[in-house]
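The numbering of the sequence shown is full-length UniProt numbering, which starts it at 1 and goes up by one.
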Amino acid sequence: MPPTLNISDIHSLKRNEALEILARISRVEKKTFPTNEAFGFGEELWRKKPNTRVLYMTRAVEGRMSDLIAYAVYVRQKGTALLHKVCVVEAYRRQGVGQQLLSYIQERLRKEGCQYIQLWVDGAREPARTLYARSGFEEREVIPDYYAPGRTGIRMVLDLERDG
């Protein structure tokens, strides 16, 4: 029987539970991204950022705390959501986890009346670009040296009304 995957929003948690999840996310973030690109996952994300959502995916494991396997951060601005971060823990990559998380986000935002999701991705991050393209995102803009000299940024957009 495959493990049960759960997607939750840190805003549905009590403070201590939210801080524990944020600390776990922060550890993964520091391992996965360069220091200058690592997102700060502090208490303010849970406390009062009404337009910001932090979603996380866990896998139920018999007899112990569930494994954190992925997370995402987005900010809503009227009819558009800016997807700041999507990360799948390395051991769970290439298993459909990212696709499942993005599908959940798309459905949630569509229900909330959002029309577009946009994001920026490093041109060199081929697995991420492939995941986004499979999820319906289209490349709309390319900016050389967006992340750093020699590191191109690509703006990708998903039209939720067209794809819905």
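Virtual Cβ for every residue (Gly too), placed ideally from N, Cα, C.
Everything numeric in this text was worked out from a predicted model, so none of it was measured.
Apart from the five residues on each side of it in sequence, which residues of its chain come closer than 6 Å, Cβ to Cβ, to residue i?
i: GLU141; result: ARG155
i: CYS87; result: THR32 and TYR71
i: GLN115; result: GLY79, LEU160 and GLU161
i: GLN100; result: none
i: ILE10; result: ALA18, ILE21, TRP46 and VAL54
Quick check on the burial criterion: 16 or more other C-beta atoms within 10 angstroms. Buried or exposed for residue i?
i: ARG53; result: buried
i: SER135; result: buried
i: VAL75; result: exposed
i: PHE137; result: buried
i: GLN95; result: exposed
i: PHE41; result: buried
i: LEU158; result: buried
i: THR58; result: buried
i: GLY98; result: buried
i: GLU29; result: buried
Excluding the 5 residues preceding and the 5 following residue i in the sequence, name in chain order all residues of the same chain whose CB lies nearer than 7 Å to its CB.
i: VAL121; result: ALA128, ARG129, TYR132, ILE154 and MET156
i: PRO2; result: Residue placement at PRO2 is poorly supported in this model, since its pLDDT is 48, which falls under 50; the coordinates still yield a value, given next. So the list is empty, once near-sequence residues are dropped.
Quick check: is any heavy atom of the ligand MN less than 6 Å from the C-beta of residue i?
i: ARG125; result: Among the ligands in the structure shown, none appear at all, so the ligand MN cannot be discussed.
- Any beta strand (DSSP E) of 3 or more consecutive residues that is wholly inside the UniProt domain "N-acetyltransferase" (8-161): 52-61, 64-77, 80-88, 116-122, 138-148 and 151-159
- Does the pairing of the region 144-154 with the region 104-111 give three or more beta-carbon distances under 8 Å? no
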